[in-house]
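Q: Attaching a single structure in structure tokens format; questions to follow.
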Amino acid sequence: MENKVKFDLYKKLLCEWSGRMNLVAPSTLNDIDNRHIADSAQLADYLPRDTDIIDLGSGAGFPGVVLAILGWHVTCIESIGKKVMFLNELKTQLELDNLTIYHGRVEDYISKLPQNKKYIYTARAFAPLIRILDYVHKTNYELFLLKGRDIMNEISVAKQKYHFDFNMFSSKTGDGFIVNIKKDR
69 MENKVKFDLY KKLLCEWSGR MNLVAPSTLN DIDNRHIADS AQLADYLPRD
119 TDIIDLGSGA GFPGVVLAIL GWHVTCIESI GKKVMFLNEL KTQLELDNLT
169 IYHGRVEDYI SKLPQNKKYI YTARAFAPLI RILDYVHKTN YELFLLKGRD
219 IMNEISVAKQ KYHFDFNMFS SKTGDGFIVN IKKDR
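Per the numbering used here, the very first residue in the sequence shown carries number 69; after that it's consecutive.
Here you go:
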């Protein structure tokens, strides 16, 4: 199945399931292409190609499922059962063999990871930066986060506890940013 067909089916399923549960803000369903898919897909310009992605708090699959459609091997972590059911439906319907769904808490998944490997994490509308760093700080991490315009406040708070360098890139789809943070070794 080609990517355009997968994205069209994704949008159809998102609209159908959103009628039964809160997957995304209802006001964004009339602009899924820009608000959700293009916003998530812009990470493709920054992510290394030869790596697996761990998407934190995947919700409706943004950005994890979008990145899987674009070819990355992605593990989506989601703790809410209804959302996991939706992600599993996407995996099946979109024929995404490169997508793994983990039903559980982010901290439980990360605590089981081998410490000697580098991990690439993504997140969108998941948690404040300090909390994300609390989850990943024991791993050899690199973060690619879709964040809003208030990100500098989140960075200031996180820098009180963690030492890190970061790069920020303006979002192509709104007034937010892509934030890239590598573990300071």
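The beta-carbon is built from N, C-alpha and C at its ideal position, and this holds for glycine as well.
What residue from Asp99, Leu181 and Ala226 has the CA that sits closest to Cys83's CA?
A: Answer by Cα proximity: Asp99.
Q: Could you pull out every residue in the same chain whose Cβ sits closer than 6 Å to the Cβ of Thr96, ignoring the five residues on either side in sequence?
A: Excluding positions up to five away in sequence, the list reads Arg103.
Q: Verify whether the separation of the beta carbon atoms of His141 and Asp120 is less than 7 Å.
A: Cβ atoms of His141 and Asp120: closer than 7 Å.
Q: Should Val134 be labelled buried (16 or more other beta-carbon atoms within 10 Å of its own) or exposed?
A: Buried, since its Cβ has 16 or more Cβ neighbours within 10 Å.
Q: Which ranges does the alpha helix (DSSP H) cover as unbroken runs of at least 4 residues, wholly within the stretch 166–252, from first to last along the chain?
A: Counting whole runs of 4 or more residues, the stretch 166–252 contains the alpha helix (DSSP H) stretches 174–179, 197–204 and 219–227.
Q: Mark Glu157 as exposed unless 16 or more other C-beta atoms lie within 10 angstroms of its C-beta, in which case mark it buried.
A: Exposed, since its Cβ has fewer than 16 Cβ neighbours within 10 Å.
Q: Under a Cβ-count criterion, where at least 16 other Cβ atoms within 10 Å of its own Cβ denotes burial, should Gly131 be classed as buried or exposed?
A: Just to set this straight, residue 131 is Pro in the shown sequence, not Gly. With 16 or more other Cβ atoms within 10 Å, it is buried.
Q: For Phe212 and Ala191, what's the separation of their Cα atoms in angstroms?
A: For Phe212 and Ala191, the distance between alpha carbons rounds to 7 Å.
Q: For the candidate residues Lys215, Gln228 and Lys74, whose alpha-carbon lies nearest to that of Asn235?
A: Out of Lys215, Gln228 and Lys74, Lys215 has the C-alpha closest to the C-alpha of Asn235.
Q: Residue range of the alpha helix (DSSP H) that Thr160 falls in?
A: Segment Gly149 to Gln161, the alpha helix (DSSP H) holding Thr160.
Q: Just list the beta strand (DSSP E) runs in the stretch 73–147, keeping only unbroken ones of 3 residues or longer that don't cross its boundaries, in chain order.
A: Fully enclosed beta strand (DSSP E) runs of 3 or longer: 120–124 and 141–146.
Q: When you compare each of Val247, Lys229, Asp243 and Tyr230 to Phe237 by their alpha carbons, which one comes out closest?
A: Ranking the options by Cα distance to Phe237, first place goes to Val247.
Q: Using the Cβ count rule (16 or more neighbours within 10 Å means buried), how would you classify Asp107?
A: Buried, by the Cβ-count rule.
Q: Within its chain, find whatever has a CB closer than 6 Å to the CB of Ile137; leave out the 5 residues flanking it on each side and keep chain order.
A: Taken in chain order, the residues that qualify are Asn71 and Lys74.
Q: For Val225, which residues from the same chain have a beta carbon less than 6 Å from its beta carbon, with the 5 sequence-adjacent residues on both sides left out?
A: So the list reads Ile198, once near-sequence residues are dropped.
Q: Relative to the C-alpha of Arg117, which candidate in Gln110, Gly139, Ala128 and Gly125 has its C-alpha closest?
A: Out of Gln110, Gly139, Ala128 and Gly125, Gly139 has the C-alpha closest to the C-alpha of Arg117.
Q: Might you give, ordered along the chain, the residues of its own chain that have their beta carbon closer than 8 Å to the beta carbon of Glu210, omitting 5 neighbours on each side?
A: Here the set comprises Lys186, Tyr187, Ile188, Tyr189, Asn248, Ile249, Lys250 and Lys251.
Q: Roughly how many whole angstroms lie between the Cα atoms of Gln183 and Asn208?
A: Approximately 7 Å between the Cα atoms of the pair.
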